[in-house]
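The block underneath contains the structure these notes are about, expressed in structure tokens.
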Amino acid sequence: MKLFGRIGFALSPSFWIVAAILGFVNTHTLQGSLIWTCVIFISVFVHELGHALMALRFGLNPKIQLIAFGGVTRFESHQLGLFKQFCIVIMGPVFGLLLFVLSSFFIGLGAHKGLWITGPLKLLQVVNLFWTAMNIIPVLPLDGGQIAVLALSGFFKEKGRYYALWIGTFFSLVFSVVFFLYGMILFGSFFFLFAYQNYVDLKQEKQALPFKQRQDLLHEFRAAETLYQQGHIQAAQSAYEAFLIKAPKGPFKRQAQERLASMAYEKGDASIAYGLLLSEKMQLSKEALY
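So the sequence shown is numbered by the working numbering: it starts at 142 and just counts up by one.
Next up, the structure:
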């Protein structure tokens, strides 16, 4: 499905299921569940539409996906500058804030009093204020975490994401504890998971830093990946082998070894594939395991 002719749109059944469950947990009625589901849909959709419209403004082809526990807007941004990426990210919270202001405006008019729309309008107001505030917390994968990565990358270049993950791990733990103390178990659990994921990513980013600071190696790795994706297997093999000679230990070297091992296995050289993977056997990716 396409919105405005260029914005892809996909809606997972899991989105409706989770939204309905949240509605029932908060209201314990069928009517309340339906209202909550509609409010969540409008709020998440408008938020993601903010990202997508700005991406469209920069000539990209975004795709909105509404999935369980939220939504995501995907787009290719390899050649996009930090400021343009920032504009795309910030427009999600901006659209959420506009929805809060709009619902507050209609509530302020008072024309809705005594009508069934009163409850949904107040819920729309609260949900968008709360979600916008939550979303700008500097924790990945929230928009605030993405903004932190972009801002710190502007100052610290390759180390920007590393510092952002430190900040994300800290704030995730703080908010997790706060939510648990106030009895908000669901949100406390989410932020605990965010803390774990930020910490795991932090360790991986630390391993990748020496490589990221070598632009010549980064170029070689990307060139090898391009050859592999295009199906030029022999050329890709030579490029990966040349890269491994100079590459420091880390996730990029491990990925190159996995690629070579996969090529060797497909050729029937199982012993060579095993030898390539042996030194990395404790840290194989899920793709390599299968």
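Note that the Cβ used here is the ideal one computed from N, Cα and C, for glycine as well.
Predicted model only: the values in this text are computed from it and were never measured.
8 Å Cβ cutoff met for residue i and residue j
i, j, result
"Ala289", "Ile308", "yes"
"Pro282", "Ile176", "no"
"Leu240", "Leu221", "no"
"Gly211", "Val185", "yes"
"Thr273", "Gly237", "yes"
"Phe247", "Ile278", "no"
"Ile208", "Phe156", "yes"
"Gln287", "Val235", "no"
"Ile381", "Arg400", "It should be pointed out that residue 381 corresponds to Tyr in this sequence rather than to Ile. Cβ distance < 8 Å, so Tyr381 and Arg400 count as in contact."
"Phe362", "Ala397", "yes"
"Thr310", "Leu343", "yes"
"Leu250", "Glu299", "no"
Residues of its chain near residue i, where Cβ-Cβ distance is below 8 Å and the 5 sequence neighbours each way are ignored
i, result
"Gly164", "Gly173, Ser174, Leu175, Ile176, Trp177, Thr178 and Ile181"
"Tyr431", "Only weak support exists for where Tyr431 lies, its pLDDT of 47 falling under 50; the coordinates are left without a value."
"Gly301", "Val290, Leu291, Ala292, Leu293, Ser294 and Gly295"
"Gln348", "Lys390, Gly391 and Pro392"
"Met232", "Gly191, His192, Leu194 and Met195"
Cutoff 6 Å; reference residue i; Cβ partners in own chain excluding five residues on either side
i, result
"Gln345", "Pro392"
"Leu425", "Confidence in Leu425 is poor, its pLDDT being 45 and thus under 50, which makes the residue's placement unreliable; the coordinate value appears in the next sentence. There are no such residues."
"Leu201", "Phe216"
"Val187", "Phe236 and Leu240"
Nonlocal neighbours in the same chain, by C-beta distance under 7 Å from residue i, ignoring five residues either side
i, result
"Ser313", "Val280, Phe332, Phe335, Ala336 and Asn339"
"Met404", "Ile374 and Gln378"
"Tyr304", "Leu293 and Phe297"
"Gly285", "Asn276, Ile277, Ile278 and Pro279"
"Val267", "none"
"Gln370", "none"
Identity of the residues DSSP links to residue i by a beta bridge
i, result
"Gln206", "Ala151 and Val213"
"Lys143", "Gly149"
Continuous alpha helix (DSSP H) stretch holding residue i: start and end
i, result
"Val279", "In the sequence as displayed, the identity of residue 279 is Pro instead of Val. Taken as a continuous stretch (DSSP letters only), Pro279 belongs to no alpha helix (DSSP H), as it is neither H nor E."
"Phe393", "Pro392 to Glu407"
"Thr178", "Leu171 to Arg198"
"Ala414", "Ala411 to Leu419"
"Ile288", "Asp284 to Phe297"
"Lys225", "Leu223 to Leu250"
"Ala383", "Ile374 to Lys387"
"Ile308", "Gly301 to Leu322"
Review point. Between the region 356-366 and the region 404-413, do three or more beta carbon pairs fall short of 8 Å?
Key: no
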